[in-house]
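Residue numbering for the sequence shown follows the numbering used here, starting at 8 and increasing by one per position.
For each residue, glycine too, the CB sits at the ideal point set by N, CA and C.
Notes to accompany the following structure.
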Amino acid sequence: MKSYKLLLALLLFISFNAFAQQGKNCIQYVNPFIGNADNGHTFPGACAPFGLIQVSPESGNGSWRYCSGFNYDDDKIVGFSQTHLNGTGIPDLGDIRVFPFNKGFQGGEYASSYNRESQIAKPGYYSVNLTEMDIDVELTATERTSFHKYIFNRNEGALLLLDLQSGLVFDNNSIRYRVRKSNIEFPDDRTIIGYNRVKGWVNRDFFYVIKFDKPFRVKEKLPSKENQKANRFILEFDTDKDNEILIKTGMSTVSIDGAKTALEAENPDWNFDEIRQKTEDKWNKLLSAVEIEGNQEQKTNFYTSLYHLYIQPNNIADIDGRYRGANDSVFISSSGAYYSTFSLWDTYRAAHPLYTILLPDKVDDFVQSMLAHYKVQGYLPIWTLWGKENHCMIGNHSIPVIVDAYLKGFAGFDAEEAYRAVKESSTVSHKNSDWETYNKYGYYPFDIVSVESVSRTLESAYDDYCVAQMAEQLGKTDDYQYFMKRSLFYKNLFDTQPKLMRGKDSKGKWRTPFSSFSLSHASSIGGDYTEGNAWQYTWHVQHDVAGLIELMGGKQAFATKLDSLFFIEKPVDKKAVDVTGLVGQYAHGNEPSHHVVYLYTFADKPYKTQELIREIFDRFYLPKPDGLCGNDDCGQMSAWYMFSAMGFYPVNPCGGEYIIGAPQIPAITLNLKNGKNFRMKALNLSSENRYVKSVSFNGKEITDFRIQHENIMNGGELLFTMTNQPNK
C-alpha cells in the first residue's frame, strides 16, 4: 500500500509540474498592436519565431506610413499579404495579397471597413471582421507557410482577389514596376503555383504554392497596367455546403519544390486550430524562459518587446537547408538554417547582445550566416533582406556581432575564418567603406565623401576597435596595433571649440558654416551625419568613453555637455522622419542615441542616468498602438527596453560588459539555456523610488557600475535597493 501511495504521489507531482509548465501562458501579455500606429512600423499579423512568413493585414501602401503595410489608425483593410517587416524605416515585402469579398461588393477599390474592436492579435494568430461584407478573417502561420480562414457570414457567394503584382513600396506608382519577372500555373482547381522576381529594397526571388480546401474558378483576370508583369485574378468558390474557405501558402527563395515541401512538412492538413496551437506553443516556450514580476502594463511591455525581438532574423532556408544567396546562386546550409533580415546598424547595439544571453543556441547560426554571405559577396552583411545586401546603412556592424560572439566563447564557427572576414571587410573597399580615403586622412573628408562623412568615421572607428579585440585574442599583435590606432580616428573630427563632432574636408578645414542642430539624412536632405545631427552623434564613441571625456575637458565638462544635450530644444526638420522621441536633442527613436543616457554614469553622476531611464520608459514605451516613439527596427528598440528594465545595458556591445542603470520592474528571472537562473530584484521600486541606493551581485556590492556577461551566464542574483533620493 505504501508503494502504491508513493507511486500515486509521484504521478501527481509529475502531472502537477507538467500542468504548471503548460500553465505559463506568457503570450497572454503580448500585444502585437503595440507600435502599429505613429511610426513604430510593427505589424499585428501572425508569424512563427524567426520564420520566413509574416501573414498580416494591410491598410495602405505607397508611403513611409506603410513600411509594415498596416497602420492601426486607418479605417479600412485592403487585404492580407504573406510577408512583412517588423519596425523598419523602408517598405518592402507584402507579397501575394489576398482580399476576400462577396457578390454584394460594389467594386472600385478592393478594401473594406473593419471592426477595430473585433481584432484579436496574439503571437501566431490574428483575426478581424470585415464589416462591409461581414466576413470573419483568421490568420496563422508556420515558419514557411501561411494559413487563412475566411467565413462568409452572408449568403452572397465567396470571391477572392489574388494580387501577385502588389507589394509594399514608397509610392503607389512603383507598384507597376516592382515585379520584373513572373510565372503562374494552375495545375488543378485547388492549386496555384508560381514564381516572382521583384525589385524593391533588394532584388528578390520567391516561389509559392497556394492551396485551397475547395475548388475555385477564375472568374476574371483583371486588366494589367503599364509595365505590370504579374497578374491579378478574381477567384470564385462554391460555398453551398458551408460558408468557409481555407487557404494555405508555402514559400521558398529557391524553388516550387521547396514551397511544396514546406506545406507537406509544416502544414499538411486542413486543421487551422492545430497549426495555430502549435505556433502559439512555440512562442510560449520561448517567452516563458523569462519570468516577470510586475503589474499588467510592465508584463505587457516586456513580453511584447521579447516577441518583437524574436520575429527576426529570419531563417530563409528551405527545410532541406537550401537557400538563395547574395549572388542568386543556390547554396546548402550545413546547419539547415540561413538567417537574413539583419538590420545590423540597429541591432548590434543591444539586440544581438541580448540574443547571446537568451538564445545562445541561435548565435552560432547567425554568425555562420554572416560568414556565408561574406564568402559570396566579399564582405560581411551591412543590412541584408532575404539574403541580399541593400547597403541602406553605414558601418560594417556584422563585425561587433561576430567579435562579441567570439569573445563570449561561442565556438560554432572557425575563428580564423571569422577573423579573415572581419579584417577584409575593414581593409578591402566596398560600397560606403572607402578604406583608402579613410586611411589617408584619418577620417572621411566631406568634400570626398559627400554624405554622412562624420557618422561613417565614427561608426568605422568602433568597428576597428572590435577587429582589434579579436586580433589581440588571436595573437595578431601587428593587426591589434593597426586597428587600435584606427579606432582613435574619431578624435580627428572632434572640434574643441563647440566640443562636438564636426565635418572636416580633405585640407583639414572644418565645415563652414556649421550648425550643430542641422539634421542630416542621406536619402533626403544629405549632410554629414546619419539620421541625426552633431549633438546626437558626438557621443558615438562606445569603445572609448574615457577618451571622449578627456577630449571634453574632464568629467565635469563632459556631464555639463550631456546636460545641454538633454535640455536644448530646437525644431526638427520634418524630412528627417527617423529623428523622433526627443528629450532635448537626444533622440530615443533612433539608435545612435541609445547608449547615451548611460554615459552620465562614467562621469560619476549615475543618478542622472537613472532619472532619464525612467523618463524614457514613461514617455516612449507605452502599451498602445502609438506607444513606440520610433521604428522598432527589427527588435532594437525592444532590446533597449528589456536591458534597461533589468537594470543594465551594453554601452560597448562587444565583449560582454554591461553598465548598471536603474531597473524598471520589480523582479525578473532568466531561465538560461545552460540550466542556470539569473535573477534581478529591485527592492522598494516605485514611481517615487527611481534612484539606486545600492546594488550587489550574489551578496557582493558592485561599486564600479559594471556587471559582466559571465556573471549573468553563471547565474545568481543582481539585487538593487531603490530610494527616492538621488545619490549625488
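Per the coordinates, the alpha-carbon of Gln488 lies some 38 Å from the alpha-carbon of Ser336. Beta-bridge analysis with DSSP links Gly385 to no other residue. In this structure, the alpha-carbon of Pro194 lies about 40 Å from that of Ile34.
Between Thr567 and Phe712, the C-beta spacing is not below 8 Å. In this structure Met644 is in contact with Leu635, their Cβ atoms being roughly 6 Å apart against a cut-off of 8 Å. Taking the C-beta atoms as reference points, Leu253 is found nearer than 8 Å to His155.
From the listed residues Thr730, Pro130, Glu576, the smallest Cα separation to Asn291 is found for Pro130. Straight-line spacing of the CA atoms in Ile241 and Asn684 works out to 55 Å. Classified as exposed, Val435 has fewer than 16 neighbouring CB atoms from the shown chains inside 10 Å of its CB. Under the Cβ criterion (8 Å, minimum of three pairs), the region 396–409 counts as touching the region 349–368.
Tyr133 is positioned such that its CB atom lies no closer than 8 Å to that of Ser75. Residue range 86–88 is occupied by the beta strand (DSSP E) that includes Gly86. About 23 Å separates the beta carbon of Lys415 from that of Thr348, a gap too long to meet the 8 Å contact definition.
Contact check for Met508 against Val461 passes: the beta carbons are separated by less than 8 Å. With contacts defined by Cβ atoms closer than 8 Å, Asp640 and Gly94 form a contacting pair. Per DSSP, the beta-bridge partners of Arg686 are Thr676, Glu724. Following the DSSP letters along the chain, one finds His155 in no alpha helix (DSSP H) but inside the beta strand (DSSP E) bounded by residues 152–159. About 4 Å separates the beta carbon of Asn43 from that of Tyr79, a gap short enough to meet the 8 Å contact definition. With respect to Leu495, Tyr544 sits apart: the two C-beta atoms are not nearer than 8 Å. Ile158 places its beta carbon 8 Å or farther from that of Ser119. Lys735 and Lys612 have their C-alpha atoms some 7 Å from each other. Residue burial is scored here from C-beta neighbours: Ser231 has fewer than 16 other C-beta atoms within 10 angstroms and is therefore classed as exposed. In the structure shown, Tyr628 adopts extended strand secondary structure according to DSSP, grouped into three states. Per DSSP, the continuous alpha helix (DSSP H) segment holding Val408 begins and ends at 405–414.
Judged by pairs of C-beta atoms under 8 Å, the region 473–480 does not touch the region 529–548, as fewer than three such pairs exist.
Glu724 is positioned such that its CB atom lies no closer than 8 Å to that of Lys700.
In the structure shown, the three-state DSSP call for Asn308 is helix. Separation of the CB atoms of Ala583 and His528 is rounded to 5 Å, and the pair is thereby assigned contact status at 8 Å. Per DSSP, reduced to three states, the secondary structure at His595 is coil, with no helix or strand assignment. In the DSSP assignment, Phe279 forms no beta bridge with any residue. Residue environment analysis places Ser530 among the exposed positions, since fewer than 16 neighbouring C-beta atoms fall within 10 angstroms of its C-beta.
Contact annotation: the region 647–661 touches the region 548–566, with at least three C-beta pairs closer than 8 Å. Taking C-beta atoms as the reference points, Ala148 and Ile60 count as a pair closer than 8 Å.
Looking from the CA of Leu100, the closest CA among Phe87, Phe112, Ile709, His437 belongs to Phe87. Taking Ala422 as the centre and dropping the five residues before and after it, the same chain places the C-beta of Tyr413, Leu481 closer than 7 Å to its C-beta, in chain order. Judged by their CB atoms, Phe214 and Val144 are not nearer to each other than the 8 Å cut-off.
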